[in-house]
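Have a look at the structure below, then the notes.
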Amino acid sequence: MAKKTRQILRRIRNVRHVRQITHAMYTIASTQVIQRKKALLSARPFGERAREALGSVLAIAGTRGISHPLFTPGQGERTGVLVISSDRGLCGRYNIEINQAVTRFAEEHPGAVFLAVGEKAVRFLRRRRFHIRREYVRAYERPNLGFARLLLEDILELFPGELREVYVIYTRFIGELIQRVRIEKLLPIEVEAAPVGELILEPELPFVLEKAARIYLLGEIYRLLAEAKASEHTMRRQAMKAATDNADELLEKLTLLYNKARQQGITREILDIMGGAEALREEE
């Protein structure tokens with residue numbers, strides 16, 4: 000019985016240690032969620048304004064018969080895919096759902112070329128022996144324009160010369176309780192022309208069109224990174240909250256079991272003492 004009690008006590012100590020870790024990670028994730036939501040709330044309006052501006056320039060370009068390669072399918076035959084995952088785990092089904100979406104996409108687009116953001120995506124794509132053209136491991140902890148610009152330049156090295164189109168697989172932040180994996184087309188750009196009246200464009204229209212397209216793409220990639228990070232930390236917070244709650248429940252059960260074991264041990268010792276005392280009286 001003493002051995003059993005020690006085993007239960009050892010388990011209680013281990014569970015308490017794990018609970019301290021999960022609770023600390025929950026606290027950190029909660030702070031990260033607040034910060035990443037702020038970044039996302041600033042990224043979305045920028046993307047919307049960039050889309051509107053590009054639509055206005057496109058409307059003028061259409062009337063003058065001016066086009067740009069970023070708005071038409073590329074010359075290559077393969078499809079490019081930017082996969083945005085995480086570098087770390089312990090975030091629930093975040094990476095699992097990304098990997099499932101990648102698998103479905105690869106089945107529908109044989110020979111796809113992947114640009115993998117995050118160690119989890121890189122490992123998964125390697126295991127499946129998919130064609131990885133670029134890897135970005137521990138490249139960014141928070142969304143920033145510098146990393147978004149790097150991704151854009153790498154993508155434009157492949158499109159339109161090598162790739163026909165480029166998609167993005169990421170997790171969109173819908174709310175505190177809802178995050179969904181999305182597959183969206185990034186290139187060729189699909190923005191509707193939206194006339195807004197007479198505009199004066201300087202210097203020349205082709206230059207303005209290309210710059211507007213690049214700004215739009217940069218804003219989109221930054222938004223995608225912000226969506227992904229907000230979703231990742233939200234799902235990690237949910238996972239750590241569930242783990243902490245489970246630890247609390249297990250601690251309660253183990254504590255009850257420990258108290259019962261101690262009570263049984265004490266009762267047995269009392270009975271032994273009483274039995275010994277009775278035996279002594281009989282000998283007298």
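Just so you know, we're using numbering that gives the first Met the number 0 here: the sequence shown kicks off at 0 and counts up by one. Positions of the beta carbon are idealized from the N, C-alpha and C atoms, including for glycine.
{"Item": "If you draw a straight line from the C-alpha of I7 to the C-alpha of A242, how long is it?", "Value": "20 angstroms"}
{"Item": "What residues match up with Y135 in a beta bridge as DSSP calls it?", "Value": "V116"}
{"Item": "Assuming D86 contacts R137 under a Cβ cut-off of 8 angstroms, what Cβ separation, rounded to an integer in Å, is found between them?", "Value": "5 angstroms"}
{"Item": "In the DSSP assignment, find the unbroken alpha helix (DSSP H) run with I154 in it and report its ends.", "Value": "144 to 157"}
{"Item": "First and last residue of the alpha helix (DSSP H) that includes V190?", "Value": "It is not in any alpha helix (DSSP H) - V190 carries neither H nor E in the DSSP assignment."}
{"Item": "Is the beta carbon of V112 closer than 8 angstroms to that of G79?", "Value": "yes"}
{"Item": "Which first and last residues belong to the beta strand (DSSP E) in which F172 is found?", "Value": "162 to 172"}
{"Item": "From the DSSP secondary-structure annotation, give me the bridge partner or partners of R179.", "Value": "R171"}
{"Item": "Does the beta-carbon distance from R222 to R43 come in below 8 angstroms?", "Value": "yes"}
{"Item": "Which residues in the same chain as K119 place their Cβ atom closer than 6 angstroms to its Cβ, once the five residues preceding and following it in sequence are excluded?", "Value": "S84, S85, N94"}
{"Item": "Give a yes or no on whether the C-beta atoms belonging to L208 and A60 are separated by under 8 angstroms.", "Value": "yes"}
{"Item": "Following the continuous alpha helix (DSSP H) through R87, name the residue where it begins and the one where it ends.", "Value": "R87 -> no alpha helix (DSSP H), and no H or E assigned at all."}
{"Item": "Under 6 angstroms Cβ to Cβ from L81, same chain only, skipping five residues before and after it: list those, please.", "Value": "L114, V167"}
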